[in-house]
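What follows is one structure encoded as structure tokens, with my remarks underneath.
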Amino acid sequence: VYWNEADILSYFDRMSKLAEYAFGASGMYIEKYFPNARHIEVQILGLGSKQVHLYERECSIQRRFQKIVEEAPSPALNSRTRKKVIEYALRIASELRYINAGTIEFIYVPTEEEFYFIEVNSRIQVEHPVTEMITGIDIVREQINIAYSGELSFDPLDIIIRGHAVEARVIAEDPLRNFAPSSGLITEYIQPGGQGVRVDSGVYAGYKVPVEYDPLIVKLITWAESRELCVKRMKRALNEFIIGGIVTNIPLLLSIIEDEDFKKGDININFLQNKDFRERIEFYTKNMIRIPVRMQKEKREEPTISAWRLSSRIMYRGAPYED
């Protein structure tokens with residue numbers, strides 16, 4: 007990032023040579039930099055001649071350009087800016103005559119109330135559950151419907167935003183060791199539950215996390231009538247989650263959820279770079295509740311009453327008891 011023309015000129019030759027060395031071409035792009043931008047994306051279901059939206063998602067909490075926490079709807083948008091970005095997304099999808107589930111992604115600059123196009127992701131995104139939670143639409147099902155019949159199973163006019171949803175990506179990595187991967191055997195796995203809590207996962211106690219694949223192991227999603235309550239549910243769910251045998255980023259996720267700026271919705275794509283969560287991460291790492299799981303079942307004591315006497319007492323007296 008260069009902050010003035012002199013810096014650009016002084017480093018231009020160096021960057022040009024670096025580009026040629028790395029990519030075989032010395033050409034470069036020069037783009038406007040937005041230090042406090044937000045990442046907003048719109049969920050699209052494309053039918054070719056017709057494009058349907060399922061509102062937007064906020065994906066500004068990122069580490070090394072990888073999303074960590076996502077939510078829907080975006081706390082940064084009002085009805086006017088929401089309508090604006092949706093119209094942009096629909097125009098792009100219509101121009102492409104897009105067919106499939108997909109996402110149109112933008113950089114949003116709040117001070118300008120303007121959106122800058124990033125890309126089209128022609129697939130279902132990792133963060134699609136937050137959209138499902140606020141719309142009630144199964145996006146995977148609709149993608150199959152589009153491929154099979156070219157139609158949707160719902161009337162787009164019936165879709166409204168209901169409540170708020172947040173997703174936290176639980177990743178097998180160690181935040182205190184520069185996010186080093188944490189592979190190995192999961193010895194304990196107890197996932198949270200309750201109203202408004204959804205867990206998308208394929209791991210379990212006894213599962214071995216490999217080193218060859220992406221370290222994302224769980225998507226934890228919460229829903230509530232308001233963003234404030236949704237964030238509180240996420241905090242509770244993260245505290246309840248027990249994953250033993252490997253290290254995860256749950257302490258980092260708790261640090262984010264507990265941050266006052268996050269609670270206010272005051273976030274941007276540099277949120278993590280501008281925060282020092284090390285002390286919080288150390289605190290949560292040391293103080294997270296761990297419930298030991300017995301790997302072998304305890305032997306049950308044999309009853310002191312015979313099965314015959316027990317059954318007769320149940321029959322005639324309504325409940326078993328011992329003398």
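Under the numbering used here, residues 7 to 329 are what the sequence shown spells out, in order. We put the CB at the ideal spot given by N, CA and C, even for glycine.
* Where Lys270 falls: helix, strand or coil (DSSP) -> Start at 1 with the first residue of the sequence shown, and residue 270 comes out as number 264. Residue state, collapsed to three classes: helix.
* Asked: Taking the runs of the alpha helix (DSSP H) that are 4 residues or longer, which of them lie wholly in the stretch 129-212?
  -> 134-141 and 145-155
* Grab me the residues of Glu304's own chain with a C-beta within less than 8 Å of its C-beta, minus the 5 sequence neighbours each way, in chain order. => Within the sequence shown, the letter at position 298 stands for residue 304. Residue placement at Glu304 is poorly supported in this model, since its pLDDT is 46, which falls under 50; the coordinates still yield a value, given next. For Glu304, where only same-chain residues beyond five positions count, there are no Cβ hits under 8 Å.
* To do: Give the secondary structure of Ile14 by DSSP, where H, G and I count as helix, E and B as strand, and everything else as coil.
  => Residue 14 sits at position 8 when you count from the first residue of the sequence shown. If DSSP states are grouped into helix, strand and coil, Ile14 belongs with the helices.
* How long is the line joining the alpha carbons of Lys90 and Asn84, rounded to whole angstroms? -> To locate residue 90, count along the sequence shown from 1; it is residue 84. To locate residue 84, count along the sequence shown from 1; it is residue 78. Approximately 10 Å between the Cα atoms of the pair.
* Asked: If Gly251 sits next to Leu191, beta carbons under 8 Å apart, how far is it from one beta carbon to the other, in whole angstroms?
  -> Here residue 251 refers to the residue found at position 245 of the sequence shown. Here residue 191 refers to the residue found at position 185 of the sequence shown. The C-beta distance from Gly251 to Leu191 rounds to 5 Å, short enough to fall under 8 Å.
* Hey, which unbroken runs of the alpha helix (DSSP H) at 4 residues or more fall wholly within the stretch 244-294? -> If only uninterrupted alpha helix (DSSP H) runs of at least 4 residues are considered, those enclosed by the stretch 244-294 are 256-264, 266-270 and 284-293.
* Quick one: which unbroken alpha helix (DSSP H) runs of 4-plus residues sit fully inside the stretch 25-110? Chain order, please. => As far as the stretch 25-110 is concerned, its whole alpha helix (DSSP H) runs of at least 4 residues are 85-102.
* Host beta strand (DSSP E) of Tyr8 (start-end) -> By one-based count along the sequence shown, residue 8 stands at place 2. That residue, Tyr8, is in no beta strand (DSSP E); it is neither H nor E in DSSP.
* Who are the Cβ neighbours of Leu278 in its own chain at under 6 Å, not counting the five residues just before and after it? -> Residue mapping note: residue 278 aligns to position 272 of the sequence shown, counting from 1. Cβ within range, chain order: Arg69.
* In chain order, what residues of the same chain lie with their CB nearer than 8 Å to the CB of Arg286, ignoring the 5 residues before and after it? -> Locating residue 286 in the sequence shown gives position 280, counting from the first residue. Contacts found: Pro257, Leu260, Ser261 and Glu264.
* Sub-8 Å separation of Tyr39 and Val75 beta-carbons -> On the sequence shown, residue 39 is found 33 positions in, with the first residue counted as 1. On the sequence shown, residue 75 is found 69 positions in, with the first residue counted as 1. No, the pair does not count as a contact, with Cβ atoms beyond the cut-off.
* Asked: Going by the CB atoms, is the gap between Gly30 and Arg103 shorter than 8 Å?
  -> Residue mapping note: residue 103 aligns to position 97 of the sequence shown, counting from 1. Residue mapping note: residue 30 aligns to position 24 of the sequence shown, counting from 1. Contact flag unset, no.
* Asked: What is the rounded straight-line gap between the Cα of Thr193 and the Cα of Leu226?
  -> Residue 193 sits at position 187 when you count from the first residue of the sequence shown. Residue 226 sits at position 220 when you count from the first residue of the sequence shown. Each residue's alpha carbon lies about 19 Å from the other.
* What does DSSP give as the partner residues of Ile113 in its beta bridges? -> In the sequence shown, counting from the first residue as 1, residue 113 sits at position 107. According to DSSP, Ile113 bridges with His45 and Tyr122.
* To do: Output the distance between the C-alpha atoms of Thr368 and Trp229, rounded to the nearest integer angstrom.
  => For the chain, the structure presents residues 7 to 329; residue 368 sits outside this window and is missing.
* Any idea which residues DSSP pairs Leu226 with across the strands? -> By 1-based counting over the sequence shown, the position of residue 226 is 220. BP columns for Leu226 point to Ala174 and Val205.
* Buried versus exposed, by CB contacts within 10 Å (16 or more), Pro216 -> Within the sequence shown, the letter at position 210 stands for residue 216. In summary, Pro216 is exposed, with fewer than 16 beta-carbon neighbours lying within 10 Å of its beta-carbon over all protein chains present.
* With a 10 Å radius around its C-beta and 16 neighbouring C-beta atoms as the bar for buried, classify Phe123 as buried or exposed. => Here residue 123 refers to the residue found at position 117 when the sequence shown is read from its first residue. Exposed, by the Cβ-count rule.
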